[in-house]
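So the structure is just underneath, and the comments pick up after that.
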Amino acid sequence: MMSTALLQEVYQEVRRLYIAGSELSAGDFRLQKLLPRVEQLGERAAVFQKIAEGIRELISPQGATGEESASAVKLQRLALLLSSVLRTQGSTTAAGELHPVASRPASLTTTYTYRKIAPLQQALTTTGGGRYEVVKEAFAAGIFQDLRTLPLALGALNDAYVEIAEMATEQILPAYGSSIIPYMLDHFDPSGGRLEARKLKVIYRTGGADYMQLYADAAESGSEEVRTTAIAMLKGHEAYTPSLILWTRDKKKNIREAAYAALAGSRSQDAMDCLYHAFHSKDIELVTNGLREGMAEELTEKLLLDYWKDVEQILAEKEEKQLNKLQVRIEAYVSLFSSLDHALLNKLYYLILNHYSQFAQDRWYLLMNQVVSYVEQYGEREMLPLMFQLEDYREAYLPYVFRMAHRLLSPAELYEHYVGKEGLLQAGVVSKKRRARLPKLRQSIYSLLIRDEVEPALGTAYGSEEERMAYTLRLIPMEEVEQQWDARWLDWAVKIDDSELAAALVRPGMPDIQVYLIDKLKKNPEFRNRWAPIILQGLDRSGISREDKRELLWYTLDDKRNTSMYTLDPYIVRSLLELPVEDIERLEALLVHEDSKSGSRFRYEAATQLEYVIHTLKGMRA
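Adding 1346 to a residue's 1-based position in the sequence shown gives its number in our numbering.
In structure tokens:
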């Protein structure tokens, strides 16, 4: 073994001279240093003596002063001799013990070129940013189905970047099917940490109930992380209910929480009793987290009745200490029943609204938010008077009440309640109390008339697949406006000088409102403001003529206040595309720098969008 190592070392130096050039071999320091050791071996074997002679001839000065090819020939001879000896000295037997080889996933092939695999290999064998995107794209492209990427997939399970490790756990390895399980079982250590928990998840995803004993053993004696993972896998299997109940008394909080969550999948009486008692213990938060994912109807009914009793106790309770305890339980109920549509819940919320003054306090903030959110969506008309009282008592609830009223009242009734003689606006005189509530009313109306949407930022790239997505505001369809909104709302919007509401409520054939909107846009011509595209939409809806709109667009484009434009709303871009081809030169002039300091008023994406408009119009002219 020692002689083989020495010969390997000599061979490496010979390869170095191949690269550097044989003419540099004369007096080579590294070979000179190795020569005595080779000569020592030559005393025992003739072949080593011949190698030593080859080294001496190669590094001797005489060898470099002969013919030009002499040093190259000697280097070649020495390399050939070394190669032959090393081949005879090598071993073809693997060291160590022999073990059975787990079968590879049968579907794997080696169809991808190395060029396809190389970026994935680099991403999973290095660190740094951008690796997750490479792995995600490779998985989507099916590159992990190449046999050569299997070791990379297995290694990803322990990647330092959590997102990659989680993707390997949830998607990459399960995609191999049950054939990946032997790799997960190999060296699986229940006493390990996060890596072992991930292995267990992969087994569960691919093997399911076939490995219940493995999950049960890991839940019993694994590390804390492995136990919490394994306990979740016992959910819904009644045979393990006694063990789960036992683990709800574990000293470790995470184990108890996992056991409660698993018990929530059981329909046995013992499981429901355990969960019910835990809800009324110090573990109320832990059991609530588990029950939030679902619970038996019988347990739901039982806890709803307790909810009712606790609300009634609040109405009678005076002691602060008891109220604090009730507050903890009320918040747990809110968490449990946030989306439950139940007859008893309706009655309970009606009771709370009947005592709104007692519950509309900071202490019961979560409870009241749940009540008004629920009643807004599901409450009947008979609950509206109570909601109106609550709104009057505390203005924060006005948006909930307004949306409920909009759902249940006729358009005329809605207007009369909020803007009529007893509404927020009385013959143009607004009281101090009503003035404070006006912004909330306006915002509530906005939420019903103007929608946030996402669409391509038109013109940011000529190819639609490259376009950036943009947040924009769009008016609801005219049919909805006509069906759901009394026409008097428009007069009110103009009276309080709210151009956005006026634009959302305008209808065809209203020249006075059209003039009002044009005037508002001229006074505030900045396209970077949210109201510009809304006013343009309102003007289109009002029936503005093509020529009047063209004149308005050029008024705003030429206005020096329309500066520092970085992007244009898609609706504005579409409006610019309606300009006639005769305006191309004027559009091009907008992109010319006005001076060397400030540059063009339309920059970055806005400039690209204007170029897109110009390019499109030129295509129309051609």
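By construction, the Cβ of each residue, glycine as well, lies at the ideal position given by its N, Cα and C atoms.
- Query: Between the beta-carbon of Leu1541 and the beta-carbon of Leu1590, is there less than 8 angstroms?
  - Reply: no
- Query: Leu1661 to Gln1704, Cα distance in whole Å?
  - Reply: 8 angstroms
- Message: Please identify the residue among Leu1903, Asp1904, Lys1906 and Ala1758 whose C-alpha is closest to the C-alpha of Leu1836.
- Response: Ala1758
- Supposed contact pair Thr1587 and Ser1612 - C-beta distance, whole angstroms, cut 8 angstroms: 5 angstroms
- Message: Between which two residues does the beta strand (DSSP E) holding Tyr1458 run?
- Response: Where Tyr1458 is concerned, there is no enclosing beta strand (DSSP E), given that its DSSP letter is neither H nor E.
- Ordered along the chain, which non-local residues of its own chain (more than five positions away) have a Cβ less than 8 angstroms from that of Ala1678? Phe1625, Ile1630, Glu1631 and Thr1634
- Task: Taking only the alpha-carbon atoms, compute the straight-line gap between Glu1385 and Leu1421 and give it to the nearest angstrom.
- Result: 18 angstroms
- Item | Cutoff 7 angstroms; reference Ala1511; Cβ partners in own chain excluding five residues on either side | Ala1502, Leu1503, Asn1504, Asp1505 and Arg1544
- Counted within 10 angstroms of its Cβ, other Cβ atoms place Asp1843 as buried (16 or more) or exposed: exposed
- Query: If we count Cβ pairs, one from each stretch, closer than 8 angstroms, do we get three or more for the stretch 1484 to 1499 versus the stretch 1514 to 1530?
  - Reply: yes
- Message: DSSP has Glu1799 in a bridge; who is on the other side?
- Response: Thr1818
- With which residues is Asp1492 paired in a DSSP beta bridge? Thr1455
- Item | Met1856, DSSP secondary structure in three states | coil
- Task: Find the nearest neighbour of Asn1700 within the set Phe1734, Ser1719 and Arg1709, judged by alpha-carbon distance.
- Result: Phe1734
- State the CB to CB distance for the pair Lys1895 and Leu1885, rounded to an integer number of angstroms; the pair is presumed to be in contact (CB under 8 angstroms). 7 angstroms
- Message: Taking only three categories from DSSP, how would you classify Phe1375?
- Response: helix
- Item | Stretch-stretch touch, CB-based, cutoff 8 angstroms, three pairs: the stretch 1649 to 1661 with the stretch 1600 to 1616 | no
- Query: Around the Cβ of Leu1867, are there at least 16 other Cβ atoms within 10 angstroms (buried) or fewer (exposed)?
  - Reply: buried
- Task: Within 10 angstroms of the Cβ of Asn1908, are there 16 or more other Cβ atoms? Answer buried if so, exposed if not.
- Result: buried
- Task: Report, in whole angstroms, the separation of the C-beta atoms of Lys1396 and Leu1427, which I expect to be a contact under 8 angstroms.
- Result: 7 angstroms
- Query: Under a three-way DSSP split, which group does Met1911 fall into?
  - Reply: strand
- Message: For Glu1509 and Gln1467, what's the separation of their Cα atoms in angstroms?
- Response: 17 angstroms
- Could you have a look at Phe1948 and say whether DSSP puts it in helix, strand or coil? strand
- Query: What three-state label does DSSP hand Asn1875 in the structure shown?
  - Reply: coil
- Item | Contacting residues, own chain, Cβ-Cβ under 8 angstroms from Ser1684 (five flanking each side not counted) | Gln1716
- Task: Quick one: residues in its chain with C-beta nearer than 7 angstroms to the C-beta of Leu1336, no 5 flanking neighbours on either side, listed in chain order?
- Result: This structure cannot settle anything about residue 1336, because the visible part of the chain is limited to 1347 through 1968.
- Query: How many Å lie between Leu1546 and Met1530 at the Cα?
  - Reply: 8 angstroms
- Task: Would you tell me roughly how many angstroms separate the C-alpha atoms of Gly1412 and Val1431, rounded to the nearest one?
- Result: For Gly1412, the predicted model reports a pLDDT of 49, less than 50, meaning its position is unreliable; a value from the coordinates is still stated below. Cα-Cα distance, rounded: 28 angstroms.
- Query: Which residues in the same chain have their Cβ closer than 7 angstroms to the Cβ of Pro1407, if we skip the five residues on either side of it in sequence?
  - Reply: Ala1372 and Gly1373
- Task: For Ser1737, count neighbouring Cβ atoms within 10 angstroms of its own Cβ and tell me buried if that reaches 16, exposed if not.
- Result: One point to set straight first is that residue 1737 is Glu, not Ser, in the sequence displayed. So Glu1737 counts as buried.
- Classification of Gln1883 by the beta-carbon crowding that lies within 10 angstroms, buried from 16 upward: buried
- Beta-carbon spacing of Ala1607, Ala1578 below 8 angstroms: yes
- Ser1394 versus Leu1363, Lys1667 and Thr1350, residue with shortest Cα-Cα distance: According to the sequence provided, residue 1394 is Phe. The question's Ser does not apply to it. Looking at the Cα atoms, Thr1350 is the closest of the given residues.
- Return helix, strand or coil for Asn1870, following the three-state DSSP convention. coil
- Go ahead and pull the three-state DSSP assignment for Leu1690. helix
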